[in-house]
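In the working numbering, the protein residues as written are 12 to 313.
The C-beta atom is built at its ideal place from N, Cα and C for all residues, glycine as well.
Data block below; observations after.
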């Protein structure tokens, strides 16, 4: 089944070239199907890249998915044109009266700041509070996961000695959880962050289940007992070249970053990066859409 997007969204051209089944708004009107309504709060600086990454991940399912994009009014984007935001994004006041089957809160490049010092923290917490009654299940990604853990459970983030960047091996810790159904015992996933959460704080929270973790990268995949909150500490949605682009961006800034771990062949940045996390990334989003959204959401919201 297709993913439904706005007619003129730039990601459409790329998705069609990749043979991903999409449906424009006009065709969707002829379908007698109740599509899943998924809202994406995109906090990443280059929003078109994240749009494309998440649309790819959401497309690998037999479910019809209708995606809407949300932008914050408390922050002015410096890396995405206002014309793009005005055309394809809504603000919270425009959607808060609706109910959604799923919500995705992305990461954001504000990890080293205190949560309360982020200029849109108040608006973000209002959305997270609203999601408790207006969304069936929410996925929080990277900084979004840390923000969600802090807001919902009071779990603080901690600064790492150096940036965690690369492709890390993870191990399944609780195979009974539907979110990781059909996962291999071990799998790879990308990380790109300066902060983390304390594993013992997470384990001591009775409402959280740790589904997967890494010896090097720490806890990776968490879900609340009721399935309404999912926390992904890495970036499974990343494209093959995303870490490469971040590495060279930091080089250009004079940051002298470490080479992303397990990413380039022989750790040589001159080589083409290996792509070895896409299948599990797609499976993660398919499981979420099926077991935590489609199987749980009402056909008609009251």
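Roughly how far, in whole angstroms, is the beta-carbon of residue 118 from the beta-carbon of residue 54, given that I think they are within contact range, below 8 Å?
Residue numbering aside, residue 118 sits at position 107 when the chain shown is read from its first letter. Residue numbering aside, residue 54 sits at position 43 when the chain shown is read from its first letter. Rounded, the Cβ-Cβ distance is 7 Å, consistent with contact.
What's the call for residue 40, buried or exposed, on a 16-neighbour Cβ count within 10 Å?
For the purposes of this step, residue 40 is taken as the residue at position 29 of the chain shown. For residue 40, the predicted structure reports a pLDDT of 49, less than 50, and the residue's modelled location is therefore unreliable. A value from the coordinates is still provided. Exposed: under 16 other Cβ atoms inside 10 Å.
Exposed or buried, which one is residue 181 when buried takes at least 16 other CB atoms within 10 Å?
Walking along the chain shown from the start, residue 181 turns up at place 170. Flag for residue 181 reads buried.
For a cutoff of 8 Å on Cβ pairs, would you count residue 116 as touching chain C?
Although the question refers to chain C, the structure presented lacks it and comprises just one protein chain.
Close-in-space but distant-in-sequence residues of the same chain around residue 304 (CB under 7 Å, 5 per side omitted)
Position 293 of the chain shown, counting from 1, holds the residue named residue 304. Answer for residue 304: 47, 112, 113, 147, 148, listed in chain order.
Leaving out five residues on either side along the sequence, give the residues of the same chain with a beta carbon under 8 Å from the beta carbon of residue 282.
Position 271 of the chain shown, counted from the start, is the residue given in the question as residue 282. Only 275, 276 meet the Cβ criterion.
Do residue 57 and residue 90 have their CB atoms nearer than 8 Å?
Position 46 of the chain shown holds residue 57. Position 79 of the chain shown holds residue 90. Taking 8 Å as the Cβ cut-off, residue 57 and residue 90 qualify as a contacting pair.
Burial state of residue 230 (16 or more Cβ within 10 Å)
If you number the chain shown from 1, residue 230 lands on position 219. It is buried - the Cβ of residue 230 has at least 16 other Cβ atoms within 10 Å.
How would you call residue 62, buried or exposed, if buried means at least 16 neighbouring beta carbons within 10 angstroms?
Position 51 of the chain shown holds residue 62. Per the 10 Å Cβ criterion, buried.
Segments assigned beta strand (DSSP E), at least 3 residues, entirely inside the stretch 110-194:
You should have 111-116, 146-152, 168-183.
Between which two residues does the beta strand (DSSP E) holding residue 283 run?
Within the chain shown, the letter at position 272 stands for residue 283. Neither: residue 283 is in no beta strand (DSSP E) and is coded neither H nor E.
Pair within 8 Å by beta-carbon distance, residue 327 and residue 188
For the chain, the structure presents residues 12 to 313; residue 327 sits outside this window and is missing.
If you run the structure through DSSP and keep just helix, strand and coil, what is residue 227?
Taking the first residue of the chain shown as position 1, residue 227 is located at position 216. It is coil, neither helix nor strand.
Can you give me the C-alpha to C-alpha distance between residue 251 and residue 273, rounded to a whole angstrom?
Sequence index remark: in the chain shown, residue 251 carries index 240 (1-based). Sequence index remark: in the chain shown, residue 273 carries index 262 (1-based). Their backbone Cα atoms lie some 13 Å apart in a straight line.
Assuming residue 165 and residue 134 make a contact with CB atoms under 8 Å, what is their CB distance in whole Å?
In the chain shown, counting from the first residue as 1, residue 165 sits at position 154. In the chain shown, counting from the first residue as 1, residue 134 sits at position 123. Their Cβ separation, rounded to whole angstroms, is 20 Å, which puts residue 165 and residue 134 out of contact at 8 Å.
Distance check for residue 206 and residue 123, CA to CA, integer angstroms please.
If you number the chain shown from 1, residue 123 lands on position 112. If you number the chain shown from 1, residue 206 lands on position 195. Computed Cα separation, rounded: 7 Å.
Can you tell me whether residue 208 is buried or exposed? The criterion is at least 16 other CB atoms within 10 Å of its CB, across all chains shown.
Position 197 of the chain shown holds residue 208. Buried, since its Cβ has 16 or more Cβ neighbours within 10 Å.
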